[in-house]
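S.K.: Take a look at this one; I'll ask things after.
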Amino acid sequence: MSSMTVSPRAASWLQATPFTLIMTCLVMVPLAIIVSVSFMDFGFAEIIPEFYLGNWTDLLRSSLTFDTYKTVFRQLAIVWTITLLLGFTISYYLIFHVRSNMWRAIFLAACAIPFWTSGPIRMISWVPLLGREGLVNQALMGTGVIDQPISWLLYSEFSVIVVYVNMLTMAMAGPIANSMAKISPSIIQAARDQGASEWQVITEVIIPLIKPGIVVGTIFIITAVMGDGFLVRAMSGNQMNTPAVAIMNEINAFQFPPAAAKSVVLLLVVLGMVGLLLRFVDIRKELAR
Amino acid sequence: MKIDSDFNAKKLMPETEAPADGGVTKYDVEMIAVSKSYDGGAKAVDTISLRIPKASYCCLLGPSGCGKTTTLRMLAGHEDITDGDVLIHNKNVTDGAPSARGTSMMFQSYALFPHLSALDNVAFSLKIKGVGKTERQAKAMEFLTLVQMEHLAHRMPAQLSGGQQQRVALARSLITRPKVLLLDEPLSALDPFLRVLMRTELKRIQTELGITFVHVTHSQEEALALSDLVVVMSDGQIMQAGSARDVFEKPANAFVAKFIGGHNVIAVDDRTVSVRADKCRIVETVGGVNIPATVTSIEYQGSMVRILVKDEAGKEYCAQISDTRFFSDPPAVEEKVMFSWLPEDEWLLAA
Amino acid sequence: MGTRRSASYYILSAVFAAFLLFLYGPMLCVYLLSFQGPEGGMSFPMRGFSLVWFETLFTAGGRGVGDIHNSFIRSLRLGAIVAVLTMLIGLAVGMSFRRRYPGSNFVFYSAIISMIVPGIFVGFGISLTLNMIGMRPQWWYSGIGAQLTWSLPFAMLIMFIILGRMDKSYEEAATDLGASSFQRFQYVILPLILPGVIGMFMAGFTSSYEEAARAGLNIGTGNTMPMELTGLLGAATTPVMFAVGTLTTLFMFTLVISTLLVSARLAKRRQLRLTAQHA
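Protein chains in written order, with our numbering: chain A, 32 to 320; chain B, 618 to 968; chain C, 1348 to 1626.
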């Protein structure tokens, strides 16, 4: 027996302390500070610690706020739909059609390798493809489909969506594939035995059983799209305004209190959406399975 | 298990159809020179031929890796057939889809759909066919009644015990009105008490429905208790196919005699014979063949006592004698005894 | 399973191939165009092959392409420290989850919140907090701290999954055999979760190396790689960014492959040692 025995509960607390301290001091407290700063006045590059509702009245009266949310929700809806369909198809193929474990591992690795390249580089990598002189325009003009290069391929909402789908499909496919891998093959065979076609197996058995994966993937997509400012700015050529872009612009202009007020709204929106989704799945239980 | 006497199980099953060739089909299942090999490698099932008569309970028996489960999965259509033909009710189904061959499989893990209640699990195939909700649920309830699960119809699979899940799985397989029900080690996940109970139940349902059951097992006791036809398999081949009594009393070869249990396989002169352990005696000589041996262990089994002995060459023999006979003159471990049997109890085994 | 391929298999294979093309197409453009000739631009066609864009990076300290050199070194330094801290702190918090304790839900959900709150808020919040208490951001505390809020939740999830699936009876058996809690950790738990520990290290490094939203406002002076590259995006007119892309990808490739090799070697040595002991 060790001389320095501690109770199991105290041991757990000790083990969790560094982690909890970081999460508390660097996540919880800062979020609380954002909320309080949103009620403060500001001068040029300084925060005046006095109660002030101006940030909120400005924010809630501005039609700009409404427009930025309209933009980001439209993008979210499109990106979510495409990544869900594509992510489902890819996972379904890898889990139920690829039979050798080796090939499944190779295909999964193949999907991960492009992400070893830095994000900004992956964004600029679309210039040689979608730009005015890019491969897509060259190909379309070469085949005579168009005689003028299409200008909306790059630095437009189109390119924002393309790059989102490129970067986020695996974030949706991963959790879905994880849920699918937990379905025992005999369940699928039982459904086939009962006369279900491949499509009926998907709708009647697979989709109900992968709901947790879809929920987790959806959460990834929501937080990525709602919280991103860099990608939208870069891929829209600074032409699109989403809530996160608006916040970044104000931070860069040192207007912290209005940025804080906007942050609180966006945070509430994101947490509200995620909280709603989490009602459908117990992630803690799901992870330990 | 009480059977509701008003309940006519036969009416749940398909009308007996006229045989395709106008003659009389004597067999529910016919396998003709069926083989299975993976990627051109060694044969998991090697040219087996088997005929299962109408409405019989057939057990595929063998050690793990003998090809019995592969055989069952080929019957079900969950495994491609490399070579040979499979006929079900006189119809060639070798390349048929699982749901189109008139078989239904009950999986070892039961494979109940975890997101559906017991009732919806049983009603699944009807839903697939597009049967309306009330109609399919009523029909599913009939089958849950057959397996005595109607009172738990609305439970989810996770809320059911292993035995209950199995009953639901059975009902789900039967509702497709299969000509042949395939069962993959259906009792292996149950505790011994439930296993015997379910065994009786399976036999009752098979008799009531009058269809063929093909049941894969590694338990000789289960096979002997249930089967009209026992098929003993080893290394992808059929060692013997016959009635339970035939297989036990007249094992075709040493493998069957050893695997079915309760036999001594003994080389006498240039022949190999098997002698049932319950025909062997120790202590007193019976005027037959006598071998001097030493008792190595004694197992009390209730009505019987199993005694293991070893001869001078180190070969082991086993005798099963009734408890009355044993206790009238009980030998002790390490005691020198005579192990004996009568020549007429010897059964000649194929080389 | 051995049944025949259906038509859907071929359709889905084609969809998957198209997806791989969608993932790799832009990357291939980057790799190819980084060898663009001196007169070539950011689009095809290639005007000859040259290493001129790589030379630009290395001559004159990479002038004209920002501070790529130093930002790369800063990113590596930050990544290495974050990786080690992530591994240690993640291991500790993972061990705490082997039993339920009061507050374990708070620990778990605080990590989930940190994962789902968009990075710029965490970064902005930390920077506001520093501002309120009158401290200036420095890479070695606020920079590292900000990135830990991103890497640690992943580490926790890795441990949560690995330990959740570990059979408790191994540990109970070790206790029965007289192992102290430290010996249990050293001889039973650690060898079983070693892949997860290496996974935490890699997750820590890659999340730090790629991260800009949280560290951005809290790093103090001197950009990290992703910040520097983001800054250069708008101004990029030559293939020199592609040269950066090719080099950094090569670096990541080497890193990941060598980590895999090292862990495979460790596993093999363990195996050899075990066989030697049993021989």
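The beta carbon of each residue, even a glycine, is placed where N, CA and C say it ideally should be. On a predicted model such as this, the values are computed, not experimentally measured, just so you know.
Residues of chain C with CB closer than 7 Å to the CB of MET154/A, please, in chain order.
M.R.: Those are LEU1580, listed as they occur along chain C.
S.K.: For the alpha helix (DSSP H) that ILE250/A lies in, which residues bound it at each end?
M.R.: Taken as a continuous stretch (DSSP letters only), the alpha helix (DSSP H) holding ILE250/A covers 242-258.
S.K.: What does the alpha-carbon distance come out to for the pair ARG1620/C and ILE137/A?
M.R.: Straight-line Cα distance between these residues: approximately 30 Å.
S.K.: Helix, strand or coil for ALA42/A? Go by DSSP, reduced to three states.
M.R.: Here ALA42/A sits in helix by DSSP.
S.K.: Assuming the contact rule is C-beta atoms closer than 8 Å, SER891/B and VAL885/B should be a hit. Round their C-beta distance to whole Å, please.
M.R.: SER891/B to VAL885/B, Cβ: 11 Å. No contact.
S.K.: Distance check for LYS1515/C and ILE938/B, CA to CA, integer angstroms please.
M.R.: Rounded to the nearest angstrom, the two C-alpha atoms are 45 Å apart.
S.K.: Mind the definition here: the segment 1367-1385 of chain C touches the segment 1587-1596 of chain C only if three or more C-beta pairs lie below 8 Å; say whether that holds.
M.R.: Touching, per the Cβ criterion.
S.K.: Let's test the definition: count the other Cβ atoms within 10 Å of the Cβ of GLU963/B and tell me whether it reaches 16, buried, or not, exposed.
M.R.: Result: buried.
S.K.: Bridge partners for ILE883/B per DSSP, in chain order?
M.R.: Bridge partners of ILE883/B: VAL890/B.
S.K.: Look at LEU777/B and GLN754/B and say whether their C-beta atoms are less than 8 Å apart.
M.R.: Not in contact: LEU777/B and GLN754/B (Cβ atoms no closer than 8 Å).
S.K.: Just the C-alpha distance for ILE948/B and LEU804/B, rounded to the nearest angstrom, thanks.
M.R.: The amino acid at residue 948/B is misidentified as Ile; the sequence shows Pro. Approximately 37 Å between the Cα atoms of the pair.
S.K.: Ignoring anything shorter than 4 residues or poking outside the segment 61-138 of chain A, list the alpha helix (DSSP H) runs there in chain order.
M.R.: Whole alpha helix (DSSP H) segments, 4+ residues: 85-92 and 94-123.
S.K.: Does the pairing of the segment 236-252 of chain A with the segment 87-104 of chain A give three or more beta-carbon distances under 8 Å?
M.R.: Too few Cβ pairs lie closer than 8 Å, so no.
S.K.: In whole angstroms, what is the alpha-carbon distance linking VAL992/B and GLU229/A?
M.R.: Chain B is shown only over 618 to 968; residue 992/B falls outside these bounds and no answer can be derived.
S.K.: Got a sec? Which residues, its chain only, sit under 8 Å from SER1526/C by beta carbon, not counting five neighbours each side?
M.R.: As written in the sequence, residue 1526/C is Ala, which differs from the Ser given in the question. Closer than 8 Å at Cβ, skipping near neighbours: TYR1534 and VAL1535.
S.K.: Grab the span of the beta strand (DSSP E) containing HIS832/B for me, first residue to last.
M.R.: Per DSSP, HIS832/B belongs to the beta strand (DSSP E) from 829-834.
S.K.: Counting only C-beta atoms, is THR688/B closer than 8 Å to chain A at any point?
M.R.: Judged by the 8 Å Cβ criterion, THR688/B is not in contact with chain A.
S.K.: For GLN46/A, would you say it is in contact with chain C, using Cβ-to-Cβ distances shorter than 8 Å as the test?
M.R.: Closer than 8 Å: yes.
S.K.: Among GLN46/A, GLY173/A and SER122/A, which has the Cα closest to the Cα of PHE1363/C?
M.R.: Comparing Cα-Cα distances from PHE1363/C to each of GLN46/A, GLY173/A and SER122/A, the minimum goes to SER122/A.
S.K.: Check whether the segment 35-46 of chain A touches the segment 1480-1493 of chain C, taking contact to mean three or more Cβ pairs, one atom from each stretch, closer than 8 Å.
M.R.: Not touching, per the Cβ criterion.
S.K.: Looking at the secondary structure, which residues open and close the beta strand (DSSP E) in which MET850/B lies?
M.R.: Note, MET850/B: beta strand (DSSP E), 846-851.
S.K.: Going by alpha carbons, who is nearest to GLN1022/B out of GLY694/B, PRO680/B and CYS935/B?
M.R.: Past the edges of chain B, shown from 618 to 968, lies residue 1022/B, and the structure says nothing about it.
S.K.: Using a Cβ-Cβ cut-off of 8 Å, state whether THR829/B counts as contacting chain A.
M.R.: No, THR829/B lies away from the interface with chain A (no Cβ there is under 8 Å from its Cβ).
S.K.: Take HIS706/B and list the residues in its own chain whose beta-carbon comes closer than 7 Å to its own, dropping the five residues that flank it on each side.
M.R.: Within the same chain, HIS706/B has close Cβ partners THR642, ASP645, GLY719 and LYS796.
S.K.: Just curious, the alpha helix (DSSP H) that ASP940/B is in, first and last residue?
M.R.: Note, ASP940/B: alpha helix (DSSP H), 940-945.
S.K.: At least one CB of chain A closer than 8 Å to the CB of ARG746/B: is that the case?
M.R.: With the sequence shown as reference, residue 746/B is identified as Lys, and Arg is not the correct amino acid for it. Yes, LYS746/B counts as interfacial toward chain A.
S.K.: May I have a chain-ordered list of the beta strand (DSSP E) segments no shorter than 3 residues that lie completely inside the segment 1471-1522 of chain C?
M.R.: Those beta strand (DSSP E) runs which fall completely within the segment 1471-1522 of chain C and span 3+ residues do not exist here.
S.K.: State whether the segment 1461-1473 of chain C contacts the segment 1562-1579 of chain C, with contact taken as three or more CB pairs (one from each stretch) at a distance under 8 Å.
M.R.: Enough Cβ pairs lie closer than 8 Å, so yes.
S.K.: In whole angstroms, give me the CA-to-CA distance for ILE233/A and PHE285/A.
M.R.: Approximately 52 Å, taken between the alpha carbons.
S.K.: Give, in chain order, every residue of the segment 133-161 of chain A whose Cβ lies closer than 7 Å to some Cβ of chain C.
M.R.: Going along the segment 133-161 of chain A in chain order, one finds ALA141, CYS142, PRO145, TRP147, THR148, SER149, GLY150, PRO151, ILE152, ARG153, MET154, ILE155, SER156, TRP157, VAL158, PRO159 and LEU160 with a Cβ nearer than 7 Å to chain C.
S.K.: Just the C-alpha distance for LEU309/A and MET203/A, rounded to the nearest angstrom, thanks.
M.R.: If I take the Cα positions, the gap works out to 16 Å.
S.K.: Take every Cβ of the segment 78-86 of chain A, pair it with every Cβ of the segment 102-113 of chain A, and state whether three or more of those distances are shorter than 8 Å.
M.R.: Touching, no.
S.K.: Would you kindly work out how many angstroms separate the C-alpha atoms of ASN272/A and VAL263/A, rounded to a whole number?
M.R.: Between ASN272/A and VAL263/A, the C-alpha separation is close to 8 Å.
S.K.: Where do the N-terminal and C-terminal ends of the alpha helix (DSSP H) with THR911/B fall, by residue?
M.R.: Taken as a continuous stretch (DSSP letters only), THR911/B belongs to no alpha helix (DSSP H), being part of the beta strand (DSSP E) at 906-917.
S.K.: Shortest alpha-carbon distance to SER1610/C belongs to which of LEU1432/C, ASN1478/C, PHE1548/C and CYS1376/C?
M.R.: Minimum Cα distance to SER1610/C is reached at PHE1548/C.
S.K.: Please confirm whether ARG315/A has its beta-carbon closer than 8 Å to some beta-carbon of chain C.
M.R.: Chain C, which has a Cβ nearer than 8 Å to the Cβ of ARG315/A, makes this yes.
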